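K.L.:
Would you mind keeping the following structure in view while I ask a few things?
2 protein chains.
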Amino acid sequence: MAIVDPSLVAHLPLFAGFSTDELGEILREARSARFARNSAVFEQGEEALSFYVLLHGHVRASKTTPAGEQVVVRYVAPGETFGVAMAIGLQRYPATATAVDDSVVLAWPSAAWPRLVAKFPALATNTLQTVGSRLQETHTRVVEMSTQQVEQRVAHALLRLAKQSGRKVEHGVEIDFPISRQDIAQMTGTTLHTVSRILSGWEQRGLVESGRQRIVLREPHKLFVLAETVPGETEPPIRP
Amino acid sequence: MAIVDPSLVAHLPLFAGFSTDELGEILREARSARFARNSAVFEQGEEALSFYVLLHGHVRASKTTPAGEQVVVRYVAPGETFGVAMAIGLQRYPATATAVDDSVVLAWPSAAWPRLVAKFPALATNTLQTVGSRLQETHTRVVEMSTQQVEQRVAHALLRLAKQSGRKVEHGVEIDFPISRQDIAQMTGTTLHTVSRILSGWEQRGLVESGRQRIVLREPHKLFVLAETVPGETEPPIRP
DNA sequence: GCCAAAGTTTGCGTTGGCGCAACGTCGACG
DNA sequence: CGTCGACGTTGCGCCAACGCAAACTTTGGC
Chain A
1 MAIVDPSLVA
11 HLPLFAGFST
21 DELGEILREA
31 RSARFARNSA
41 VFEQGEEALS
51 FYVLLHGHVR
61 ASKTTPAGEQ
71 VVVRYVAPGE
81 TFGVAMAIGL
91 QRYPATATAV
101 DDSVVLAWPS
111 AAWPRLVAKF
121 PALATNTLQT
131 VGSRLQETHT
141 RVVEMSTQQV
151 EQRVAHALLR
161 LAKQSGRKVE
171 HGVEIDFPIS
181 RQDIAQMTGT
191 TLHTVSRILS
201 GWEQRGLVES
211 GRQRIVLREP
221 HKLFVLAETV
231 PGETEPPIRP
Chain B
1001 MAIVDPSLVA
1011 HLPLFAGFST
1021 DELGEILREA
1031 RSARFARNSA
1041 VFEQGEEALS
1051 FYVLLHGHVR
1061 ASKTTPAGEQ
1071 VVVRYVAPGE
1081 TFGVAMAIGL
1091 QRYPATATAV
1101 DDSVVLAWPS
1111 AAWPRLVAKF
1121 PALATNTLQT
1131 VGSRLQETHT
1141 RVVEMSTQQV
1151 EQRVAHALLR
1161 LAKQSGRKVE
1171 HGVEIDFPIS
1181 RQDIAQMTGT
1191 TLHTVSRILS
1201 GWEQRGLVES
1211 GRQRIVLREP
1221 HKLFVLAETV
1231 PGETEPPIRP
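Taken in order, these protein sequences are the chains called A and B.
For reference, each letter of the first sequence is one residue, going 1 to 240 in our numbering.
For reference, each letter of the second sequence is one residue, going 1001 to 1240 in our numbering.
What follows is the structure, encoded as C-alpha cells:
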C-alpha cells in the first residue's frame, strides 16, 4: 500500500490522466519526508538522488554564483514538482531547495524516473508541460528585468506570489510564508535596501502592510496598475 | 519517401534513440520550407500550427512587450527545435521567430504532435531534455542580469553566441550570422548605445573587430576573463 | 551611380538605484 | 524577562548606464 492516499494527489498536473491503480503503482515508489523551516531539501551541486512533489509548506529554489551572490529561482507551492534534474538530463541539482516553512514532500528516487516514464509515458508529457510553463515564466522574468524598473518588478513579483500563495486576510491578501526584503531583492535583481525603500513608500500610500518577513497586499489592484504603468507616463490626459 | 534523408537528421537530440525506419515515419509527416533573410517564420500570438527543426541558417526568437519593446529570447542554430508551443501546452506562439539569414526548416503540423508522441514516447523525453536545457540557460541569464554589470553580460552573450554559432576566421571567431548592436542590447537588457560604447572600447583594446552587423572575437580568452572579473576587483594581488 | 534607409558612433546631461553606514526594532531563546 | 541576533529602515554620496541628440558610414535599391 502506498504511503499517500492516491485521491490526495490525483488532481496534480503531474498525474493528469492516470487511473487510481496506476497512481497507486507510482506512489508505491515514493517515500514521504518532512523538512523543518529553514532546512535544506537539497543543495546546489549535489548529486540529484531524488525528485519531489511538495505536499505542504513552501520551498525556495535559489542559485548561488561563484562570487557567492544568491538569486531566487522560484518559490514552490504545494502540488508542484521540484528537483526534477534527472528528467531534464542533469546529474546534479542546479539550485538549492530550502523549506521556508515546515514542509512535507513526496520523494522518488531519481533512478526510478526512467522506469516510470517507460511504463507511464504520460509522466513525460505532463512534466514537459510544467517545465514548459516554467520556461515561459522565466522568459517573462527576463523580459521584465530587461524593460522595467525596480519598482515595477517588485510589484509584479509580489502580485505573482500573492496569486500563487496568497491567503485572504482581513484587509487584503497576505503572502502565506515568511519572506524577507532580501528574498524579494533576490527575486527581482535588486538590493534589500531598495526593496525596503519601495515597501516603505507603498506602506505610506496604503498599498501594502508589511513587517518582519510578512507582507499583506491591501490594494492589489492599485499595485497592478502601478506594475503596468510606464514610469514617465502619467494618467491618460483628460480632454479639455 | 520522406522529404529529407533520415541520415541527415538522425544525430539530432530530438531524434536520439530512433531507428532509421522510425525516423522515416516521423519525417514523412514533415514538410520542408525556406525563409528568406528577415522574414518571419511565425509571429507572437499566432495560432501555433507547426513546430520546427532548423536545418540551415539562423532564427531569432523575440518577445514584444505591450509597450512595444522587444527582447531577444534566443538564437536558434541548425539542428535545434523551435516553435514547440503545442508540446508545452500553448495554443499560441509566445514569441516571434525571424530568419536572420536565409534559412531552411522542417515543419510538422502541431496537430501531429500528440499522435507522434503517443507512438514514439522518446520524442517527449528528448524534448523534455531540450526544454530543460533551455530552462537552465534562461536561469543563467536571470542570474547574470541580477548580479553582473552590462559589460560582463555582453561579454557572456558574445561568448555564448560564438560557441553556438561561431565560425573560425583568420584572426579569431566570427559570429556566423548578421547581428546588430540593437540585437545584442535586446539580449542583455541594455541599450544599443551602451553596447556600441562597449564594443568600441573592446575594439581599441584589440579584443574584438566589428562592423555593421558583424562581430569577430579576436581574443576570446581575454573576453572570458573580462566576463568573469568582478568590476571592483583587480588582478589577484602578488605577495611582496 | 545616386539616394534613402538602416546601422553605428559619440558627446553630454541626467538619474535610478547601489553601496556604505548607522541606527532602530522585533522575536527567539536561555 | 533580559539579551542577542536577525531583520528592517533611512540618510547620503556616487556612478554606471540611460536618454537624447547629432553626425557619420555603409549598403542596397532604383
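Quick reminder that beta carbons are idealized off the backbone N, C-alpha and C, glycines included.
For clarity, every value in this text was computed on a predicted model and none was experimentally measured.
Is the beta carbon of A1097(B) less than 8 Å from the beta carbon of L128(A)?
P.N.:
Here residue 1097(B) refers to the residue found at position 97 when the second sequence is read from its first residue. Here residue 128(A) refers to the residue found at position 128 when the first sequence is read from its first residue. Taking 8 Å as the Cβ cut-off, A1097(B) and L128(A) do not qualify as a contacting pair.
K.L.:
Mind listing the chain B neighbours of H139(A)? Cutoff is C-beta to C-beta under 9 Å, in chain order.
P.N.:
Here residue 139(A) refers to the residue found at position 139 of the first sequence. Simply K1063, V1071, V1073, P1094, A1095 and T1138.
K.L.:
Quick one: Cα of T982(B) to Cα of R1031(B), how far?
P.N.:
The structure shown does not extend to residue 982(B), since chain B is modelled only from 1001 through 1240, so no value can be given for it.
K.L.:
Quick one, which of F1082(B), E1137(B) and P1109(B) has its alpha-carbon nearest H1058(B)'s?
P.N.:
Reading the second sequence from its first residue, position 58 is the one you call residue 1058(B). With distances taken between Cα atoms, H1058(B) lies closest to F1082(B).
K.L.:
Which of the three DSSP states, helix, strand or coil, is assigned to S1032(B)?
P.N.:
The residue you call residue 1032(B) lines up with position 32 of the second sequence. If DSSP states are grouped into helix, strand and coil, S1032(B) belongs with the strands.
K.L.:
Taking only beta-carbon positions, decide if R134(A) is within less than 8 Å of chain B.
P.N.:
Position 134 of the first sequence, counting from 1, holds the residue named residue 134(A). Cβ-Cβ to chain B under 8 Å: yes for R134(A).
K.L.:
What's the C-alpha gap between F1120(B) and R115(A)?
P.N.:
Residue mapping note: residue 1120(B) aligns to position 120 of the second sequence, counting from 1. Residue mapping note: residue 115(A) aligns to position 115 of the first sequence, counting from 1. Their backbone Cα atoms lie some 16 Å apart in a straight line.
K.L.:
Given a threshold of 16 other Cβ atoms within 10 Å of its Cβ, counted over all protein chains shown, does N126(A) qualify as buried or as exposed?
P.N.:
Locating residue 126(A) in the first sequence gives position 126, counting from the first residue. Buried, by the Cβ-count rule.
K.L.:
With A124(A) as the anchor, note down where its alpha helix (DSSP H) starts and where it stops.
P.N.:
By one-based count along the first sequence, residue 124(A) stands at place 124. P121 to T147 is the extent of the alpha helix (DSSP H) around A124(A).
K.L.:
Select from A95(A), V71(A) and D176(A) the residue whose C-alpha is nearest the C-alpha of R160(A).
P.N.:
Within the first sequence, numbered from 1, the residue matching residue 160(A) stands at position 160. Residue D176(A) is the option with its Cα nearest to R160(A).
K.L.:
For the 8 Å Cβ check, are there 3 or more pairs between the segment 1142 to 1156 of chain B and the segment 1194 to 1206 of chain B?
P.N.:
Judged by Cβ distances under 8 Å, the segment 1142 to 1156 of chain B makes contact with the segment 1194 to 1206 of chain B, as three or more pairs qualify.
K.L.:
Alpha carbon to alpha carbon, what distance is there between E1144(B) and E1228(B)?
P.N.:
Counting from 1 along the second sequence, the entry for residue 1228(B) is found at position 228. Counting from 1 along the second sequence, the entry for residue 1144(B) is found at position 144. Answer to the nearest angstrom: the Cα atoms are 11 Å apart.
K.L.:
Which word fits R181(A), buried or exposed, when buried means at least 16 other C-beta atoms lie within 10 angstroms of its C-beta?
P.N.:
Position 181 of the first sequence, counted from the first residue, corresponds to residue 181(A). It is buried - the Cβ of R181(A) has at least 16 other Cβ atoms within 10 Å.
K.L.:
Assuming A1122(B) and G1024(B) form a contact by the criterion Cβ under 8 Å, report the distance between their Cβ atoms to the nearest whole angstrom.
P.N.:
The sequence position of residue 1122(B) within the second sequence is 122, counting from 1. The sequence position of residue 1024(B) within the second sequence is 24, counting from 1. Actually they are not in contact, since the Cβ atoms of A1122(B) and G1024(B) sit about 15 Å apart, beyond 8 Å.
K.L.:
Please decide whether P246(A) counts as near chain B, where near means a Cβ-Cβ distance under 8 Å.
P.N.:
This structure cannot speak to residue 246(A), because chain A is shown only from 1 to 240.
K.L.:
Quick check on I88(A) - is its C-beta less than 8 Å from some C-beta in chain B?
P.N.:
Reading the first sequence from its first residue, position 88 is the one you call residue 88(A). True, the Cβ-Cβ gap to chain B drops below 8 Å.
K.L.:
Over the uninterrupted beta strand (DSSP E) stretch that includes T1096(B), give me the two end residues.
P.N.:
To locate residue 1096(B), count along the second sequence from 1; it is residue 96. First-last of the beta strand (DSSP E) with T1096(B): T1096 to A1099.
K.L.:
May I ask you to list, following chain order, the residues of the segment 102 to 122 of chain A that have a beta carbon less than 7 Å from some beta carbon of chain B?
P.N.:
Going along the segment 102 to 122 of chain A in chain order, one finds V117 and P121 with a Cβ nearer than 7 Å to chain B.
K.L.:
So Q129(A) contacts chain B; which residues on that side make the cut at Cβ distance below 7 Å?
P.N.:
The residue given as residue 129(A) occupies position 129 in the first sequence. Under the 7 Å cutoff, chain B gives I1088 and G1089.
K.L.:
Under 7 Å Cβ-Cβ, which residues of chain A neighbour G1189(B)?
P.N.:
As a working note, residue 1189(B) is residue 189 in the second sequence. Chain A residues near G1189(B): M145 and S146.
K.L.:
Take the Cβ of A67(A) as the centre, count every other Cβ of all protein chains shown within 10 Å, and call the residue buried at 16 or more, exposed below.
P.N.:
Translated into the one-based positions of the first sequence, residue 67(A) becomes position 67. Burial call: exposed.
K.L.:
Could I get the ranges of all uninterrupted beta strand (DSSP E) runs contained in the segment 1042 to 1076 of chain B, with 3 residues as the minimum, in chain order?
P.N.:
Fully enclosed beta strand (DSSP E) runs of 3 or longer: 1050 to 1056, 1059 to 1064 and 1070 to 1076.
K.L.:
Chain B partners of T229(A), CB-CB under 8 Å?
P.N.:
Sequence index remark: in the first sequence, residue 229(A) carries index 229 (1-based). What T229(A) touches in chain B: nothing, since even the nearest Cβ is about 10 Å away.
K.L.:
If you check the beta carbons only, do A1107(B) and A1048(B) fall under 8 Å apart?
P.N.:
As a first step, residue 1107(B) must be located in the second sequence, where it is residue number 107. As a first step, residue 1048(B) must be located in the second sequence, where it is residue number 48. Not closer than 8 Å, so no.
K.L.:
Using only CA atoms, which one of T65(A), V104(A), I26(A) and A87(A) lies nearest to V254(A)?
P.N.:
This structure does not reach residue 254(A), given that chain A is present from 1 up to 240, and the question cannot be answered.
K.L.:
Thinking C-beta only, is A1099(B) closer than 8 Å to F1051(B)?
P.N.:
In the second sequence, the residue the question calls residue 1051(B) occupies position 51. In the second sequence, the residue the question calls residue 1099(B) occupies position 99. Not in contact: F1051(B) and A1099(B) (Cβ atoms no closer than 8 Å).
K.L.:
Beta carbons nearer than 9 Å to chain B: which residues of the segment 147 to 158 of chain A have them?
P.N.:
Against chain B - using a Cβ distance shorter than 9 Å - the residues of the segment 147 to 158 of chain A are T147 and Q148.
K.L.:
Give me the residue from Q1044(B), I1088(B) and A1087(B) with the minimum Cα distance to V1072(B).
P.N.:
The sequence position of residue 1072(B) within the second sequence is 72, counting from 1. For V1072(B), the nearest C-alpha among the options comes from Q1044(B).
K.L.:
If you compare alpha carbons, which of R1060(B), A1095(B), H1056(B) and T1140(B) is closest to D1183(B)?
P.N.:
For the purposes of this step, residue 1183(B) is identified with residue 183 of the second sequence, where counting begins at 1. When only C-alpha atoms are compared, the closest one is R1060(B).
K.L.:
Name, please, each residue of chain A whose Cβ falls closer than 8 Å to the Cβ of A1067(B).
P.N.:
For the purposes of this step, residue 1067(B) is taken as the residue at position 67 of the second sequence. What A1067(B) touches in chain A: T147 and V230.
K.L.:
Reducing DSSP to helix, strand and coil, say where T188(A) ends up.
P.N.:
To locate residue 188(A), count along the first sequence from 1; it is residue 188. If DSSP states are grouped into helix, strand and coil, T188(A) belongs with the helices.
K.L.:
Exposed or buried, P237(A), counting other C-beta atoms within 10 Å across all chains shown (16 or more means buried)?
P.N.:
The residue labelled residue 237(A) in the question sits at position 237 within the first sequence. In this predicted model, P237(A) has a pLDDT of only 39, less than 50, meaning its place in the structure is not dependable; the value taken from the coordinates is given anyway. Label assigned to P237(A): exposed.
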